[in-house]
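One structure is given here, and the rest of the page talks about it.
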Amino acid sequence: ETGVTQSPTHLIKTRGQQVTLRCSSQSGHNTVSWYQQALGQGPQFIFQYYREEENGRGNFPPRFSGLQFPNYSSELNVNALELDDSALYLCASSLRDRISQGNIQYFGAGTRLSVL
Amino acid sequence: LAKTTQPISMDSYEGQEVNITCSHNNIATNDYITWYQQFPSQGPRFIIQGYKTKVTNEVASLFIPADRKSSTLSLPRVSLSDTAVYYCLVGDRSTPLVFGKGTRLSVIA
Chain A
1 ETGVTQSPTH
11 LIKTRGQQVT
21 LRCSSQSGHN
31 TVSWYQQALG
41 QGPQFIFQYY
51 REEENGRGNF
61 PPRFSGLQFP
71 NYSSELNVNA
81 LELDDSALYL
91 CASSLRDRIS
101 QGNIQYFGAG
111 TRLSVL
Chain B
117 LAKTTQPISM
127 DSYEGQEVNI
137 TCSHNNIATN
147 DYITWYQQFP
157 SQGPRFIIQG
167 YKTKVTNEVA
177 SLFIPADRKS
187 STLSLPRVSL
197 SDTAVYYCLV
207 GDRSTPLVFG
217 KGTRLSVIA
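Going down the list, the protein sequences come from chains A and B. Numbering follows my numbering, with no gaps: position 52 of the first sequence is 52. Here my numbering = 1-based position in the second sequence + 116.
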C-alpha cells in the first residue's frame, strides 16, 4: 500500500472526447508524476509537477495537460482522445527536498483507459 | 539520461536465488540505481535503491561494482508470488524515471 490513490480505476471513452484522471498523493509528498503504460511496455513519462508547477515533460503532445493542487493532489487531462491513448495511466508521488537524493517514486494502481 | 539494458525474461524454480543484471554504461556521477517490481494491472512498486557497493533490505539485495556500469538485483529464495516484471532505472533526484521493457521473471513450482 503506497498511499497513492487514483480514480477512476477504469474508464471507457470514444474518440474525440476529453478525459480527466485524478490522483491523490502520499501524505507529505510534494511532487507528482504521470506515466502512460501501453500493453507490454514499460511506463512512459508524461510530465511531472513540483509544488504546483510543471517541472519536466516527456514526448507527449499538448493535448495532454495537468494540474497540481495546493494539497499536492493532481489531475491529468487528455483532450481529443485518439485510439492510441488506450493505456494504463499511472500516477506517482515523491518527496523532493534538500536531502533527498535518488528519485524514489510511489505509484498508484493506475486508471485503465479504453478509447473506442 | 542514462539508458539501461537488462534481459527480456528469466525463468526460475521456487526456492532458488534469482540474480537479474542490469547494464548502465553511461551512468552519471549523481545517478542512483533503483529497481521496481510490477505485477499485471498494478503500478510499479519500489524494491531497492543504491549508489555503490551493496545494499540489502528485507526484500532484496543490490550489488553495484566499483565502476557502477552495471548492477545486480538479487532475490533470495523466490516464490510464485515473485513472478512479475522487474525494472532497473538510473537517475538523480530530479531526473524523470525512464523505464525500459524490464525483465519478466517467471517462477515455476
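A virtual CB, placed ideally from N, CA and C, is assigned to each residue, including glycine. Quick caveat, the model's predicted, so the values are computed rather than measured.
The continuous stretches of beta strand (DSSP E) do not include residue 25/A, and DSSP gives it neither H nor E. In terms of beta-carbon proximity, residue 96/A lines the interface with chain B, with at least one pair separated by less than 9 Å.
Residues of chain A whose Cβ lies closer than 8 Å to the Cβ of residue 203/B are, in chain order, 42. With the criterion set as a beta carbon lying under 9 Å from some beta carbon of chain A, the members of the region 141 to 161 of chain B are 146, 147, 148, 149, 150, 152, 154, 157, 158, 159, 160, 161, in sequence order. Residue contact with chain B for residue 115/A: absent (no Cβ-Cβ distance below 9 Å to any residue of chain B). Distances from the alpha-carbon of residue 26/A to those of 91/A, 97/A, 112/A, 64/A put 91/A closest.
Rounded to the nearest whole angstrom, the CA to CA distance from residue 211/B to residue 54/A is 14 Å.
Straight through space, the alpha carbons of residue 15/A and residue 106/A are spaced by roughly 31 Å.
Fully enclosed beta strand (DSSP E) runs of no fewer than 3 residues occupy 177 to 180, 186 to 191 of the region 172 to 196 of chain B, in order along the chain. The C-beta of residue 93/A has 16 or more other C-beta atoms within 10 Å across all chains shown, which makes the residue buried.
Chain-ordered listing is empty here: chain B has no CB closer than 8 Å to the CB of residue 49/A, the nearest sitting near 12 Å.
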